[in-house]
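Its first residue numbered -6, the sequence shown is counted upward by one per residue in the numbering used here. For each residue, glycine too, the CB sits at the ideal point set by N, CA and C. For clarity, every value in this text was computed on a predicted model and none was experimentally measured.
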Amino acid sequence: MISRPQQRAQTQATELFVGFDVGSSFVHYAVLGADRTVLYSPDPIMHFANPLGAIGEAWRDIAAHCDATRIKSTALTGSAAETFPRVMRGALYVYDSVAIPKGAEVVAPAAKCIFHIGAKDSYFFSLGVVNDRQVITEWRTGTKCGGGSGMLVEKQCRRMFQGDVPAPELEDTASARSEAERELIAERNRGRLQGRLEEMLRRAEEEASRSKEPSEFLARCGVVVQSDLIHKQNEGATRVDNLAGLFRTVARNYMIDVLGSRDFASTTKSGQAISTGGVFSNDLVRQNLADLLHIEIERPAHHQNIAAIGAAVKALEEKNTFVMDLGQLRNVAEYSREKRKFAPSLSESLPRVHAKTETLPSEIPAGTEVVLGIDGGSTTTKGALVEIRTGKLLDKLYVKTHGNPEESLKHVLKYLSRHKANVIIKGVGATGSARKLYEKILLSKSKSRDLSQQGIASADRITDEITCHALGVKHNNPEVDTIFEIGGQDMKFTSFNKAGTVKEAKMNYSCQAGSGQTLENMADVINLSVESTLQDAALRAERVPIIDSTCGVFMEMDENRLIAEGFSRDEIAAAIIRGTAASYFYKFVGGSQHAGDKCSAQGGPALGKAFLAALAQVTDKQIEGYPHREMFGAWGQALDIIQAIKQFEQDGKKYGTAFRGWGIIDMAFHKRKVLCRDLFADKSCGIRDCQLEVFSIEDDEIITGGFCPRGNSESAKKPKTNYVDRYHKIYEKHFKKQGCLFSELSSANPDAPTVGIKRSMATLGTKGVWSAALFRKLGFYPVVSPRSDKDIAKIGVDNSRTEFCIARKLATGHAAILNDCPDLKYLFNPSFIEVRQPSPPDLKYCIYTES
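Put into structure tokens, the structure is as follows:
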């Protein structure tokens, strides 16, 4: 997204009309003459959680380029300006749904279709002419779940490029000798921060344009797209392909969520479709949407400021004469703040927080036997060197992954290799979402084969995160009965019985409300660091505004409301930390009935005292923060290896490691994508032809991906039973007693009216066979849809709302396949209503199954 050069204002007009679009991330503004000519339309200002300050900066910019005495009216639009008219008597507020089409009348009079994606809200407008007046014939907007495309792009580009684009040097406003000088310093600082973000967005677009195989993200909302993107990254997908996939997904989700299945190709002529809003500054997003709709989409001048222009046009039409006084902005902030509910300050909960620190040894004695534990998380990579004899942590490193798990692993290994002359590596292991990728990098297949042939056991381990975190904390205090573990993307909760066995353990699947990544996203909006400045700011707040913590998207929306309401940065910091802790505890853990008496908080966010205080406040528990709690995943992985080694020694078994050695730091790691049929020829199943990823390091070639064991090098010698295939064969055997498979319909010669039954949701199983028997008995010929594959998934995704889960999208794909078959007369699309049971298992059906 490359900024346009600013335009110089034309000041000869007698009357000027100013429009402000105060959004969740930017303040857009424009000046029009009485003849609707756009006189001044500069680049928008990114407000970094200070929209009122940005409005002041914009006003000074207008005054520098125009004659302020000629301003006839200042009109407002945007989500952050909605409360302004309640305080500023006479101020005109124009809703986005009115302002954007009004702006189009000026910047693109011939437009019939407007595609708009902003930082938070997405719109579509169809325009027509009635009685010589342009009117909106149709308009649509995205859902809460599908919204936020602009924020999604911004957040992911920040995450992937923050290590490449250095943070700017900021001036200290404390050195200002006057309020005017302080404002100038703040403007320069803000400009540098915006320049950094624009450079990240520019690099992202440039990199993505080089992609040959964009990653595929079949996700239902911005939070889950982010989750899928991180998983792809940890599987080894390149940043180039992930970025290209991200921009394609934004366009596709906009089409699905806002446009639906409408046909544009046959109704839209050249020059009639325009794209507006900041996201469409990205040529790839605009072109992806054009390709999906099979039309040309033009980007007009002033495309980012279209709503501000529309607000000014509306003021001109309504002869509005309100001119804003900057002094009134303080009243706006006070009005909004009065309506909020508050929790006590986080600092009041600090007495219930018991955080401890510990210094690691500066040197390791020569000949020390150690194991290496790696925790490859979604946003960070951790490495731990642990002494075998004592289980003591000797050295560690915790770094941001920055979208490049291989390089972050090499960074960790390079740091720990400073001890290579003094330590003897006896075993290595990996945990976290990137553990499978790291297993392939760390362990040599040829060394593993040699150990096996010599009858030597392998001490290397790949272990799940819940086990590792439990081992890590129990090493510090065996009496801990509750673990609150908050990672970047994954959240875990574990409780123990008095005997020390696991009582309850759970991990989130896709929802990220309450995760470190969600907290980091919200911290980025107010330009604070989760590790330091966010924690300090939150503890300074004398009260904590309560925000909606049921969903990551809602939390971010509520954060934007706090910004619009003019809360201080300290109060917003406290609100998002407490909101994250509340979401984790109430929504994910399930409340106090699940927690014990000795509670340990661990993971990256738990390094911050403010977060620990927030957890103490919402749980009403004493919270323990043990030393190196951010490392319990990597440390626990090392302890798991040590347990195995001690068992080998007890059993008198020889053991060894397949660790490639510290030379990994300089090894090349190559990746390529290939179809299963091209790689395995006749050995391929011939049904799915999955896309596999082949990784090469040294002489090893590792195959991953696909649905069956063939796409997994670790299973090549001993393929695991393909239970999915076995299930389908049993299902088909019973179904064919009543009807036929979809692929057999053309040759089946049905003797009765055909009825299609989906091989998905409730009818993928006994109810599907029961349905077939029922319809056969009623005089119909049942036909079941094919097994789910990539084509059915794509059809389902393209025809479903974004808030649907992937299972529901698959069901839509199956229904579409059956619906398009001319040989099927009827479709069976049942809604099974669950009868509540007095005892578990209960509540198996979701609302989409029952409705």
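Does the distance from the CB of Gly12 to the CB of Thr67 come in under 9 Å? yes
Identified DSSP bridge partners for Ser268: Phe108
For Glu846, tell me which candidate among Gly509, Asp529, His587, Thr70 has the shortest Cα-Cα distance. Only positions -6 to 844 of the chain appear in the structure, and residue 846 is not among them; the question remains open.
Rounded separation between Asn822 and Gly559 - CA only: 50 Å
Let me check understanding here. Comparing Cα to Cα, which of Ala92, Ile788, Cys683, Ala103 lies closest to Gly303? Ala92
How is the beta strand (DSSP E) around His287 delimited, first residue to last? Taken as a continuous stretch (DSSP letters only), His287 belongs to no beta strand (DSSP E), as it is neither H nor E.
Quick one: is His462 buried, meaning 16 or more other Cβ sit within 10 Å of its Cβ, or exposed? buried
Inter-residue CB distance, Tyr7 and Arg63 (contact presumed, cutoff 8 Å): Correcting the residue identity first, residue 7 is Thr in this sequence and not Tyr. Between Arg63 and Thr7 the Cβ distance is about 6 Å, and since that is below 8 Å, they are a contact.
With burial defined as no fewer than 16 other Cβ atoms inside 10 Å of the residue's Cβ, what is the status of Ile417: buried or exposed? exposed
Determine whether the beta carbon atoms of Leu163 and Leu177 lie at a separation below 9 Å. no
For a test of the three-state rule: what should DSSP assign to Leu409, helix, strand or coil? helix
CA-to-CA distance, Met193 to Asp256, given in whole angstroms: 35 Å
What three-state label does DSSP hand Phe581 in the structure shown? helix
Supposed close pair Glu198, Asn275 - CB separation, criterion 8 Å: 5 Å
What three-state label does DSSP hand Gln528 in the structure shown? helix
Assuming Lys113 and Ser17 form a contact by the criterion Cβ under 8 Å, report the distance between their Cβ atoms to the nearest whole angstrom. 4 Å
Could you have a look at Asp845 and say whether DSSP puts it in helix, strand or coil? As displayed, the chain neither begins before -6 nor continues past 844, which places residue 845 out of reach and without an answer.
Whole-Å CB distance - Lys664 paired with Glu686, under 8 Å assumed: 6 Å
Start-end ranges of the alpha helix (DSSP H) lying completely within the segment 751 to 803, minimum 4 residues: 759 to 770, 783 to 791
Beta-carbon proximity check, Ser736 vs Asp816, cutoff 9 Å: no
Which word fits Phe10, buried or exposed, when buried means at least 16 other C-beta atoms lie within 10 angstroms of its C-beta? buried
Span of the alpha helix (DSSP H) around Asp718: 716 to 728
With the cut-off set at 9 Å, would you say Arg801 and Arg780 are in Cβ contact? no
DSSP three-state call for Thr460: helix, strand or coil? helix
Using the Cβ count rule (16 or more neighbours within 10 Å means buried), how would you classify Ser115? buried
Inside the segment 29 to 75 only - beta strand (DSSP E) runs reaching at least 3 residues: 31 to 33, 64 to 70
So for Lys438, helix, strand or coil by DSSP? helix
Phe825 versus Phe773: straight-line alpha-carbon distance, rounded: 21 Å
Gly140 versus Val146: straight-line alpha-carbon distance, rounded: With a pLDDT of 45 at Gly140, under the threshold of 50, the modelled position of this residue cannot be trusted, and the question is left open.
Under the three-state DSSP convention, the category Met500 falls into: strand
Based on DSSP bridge pairs, tell me the residues matched to His663. Ser689
Does the structure place the segment 394 to 403 close enough to the segment 425 to 445 that three or more beta carbon pairs sit under 8 Å? yes
Under a three-way DSSP split, which group does Glu8 fall into? coil
What is the DSSP secondary structure of Ser168, reduced to helix, strand or coil? helix
Using DSSP with H/G/I as helix, E/B as strand and the rest coil, what is Ser593? strand
Is it right to say Ala661 is buried, meaning 16 or more other beta carbons lie within 10 angstroms of its own, or is it exposed? exposed
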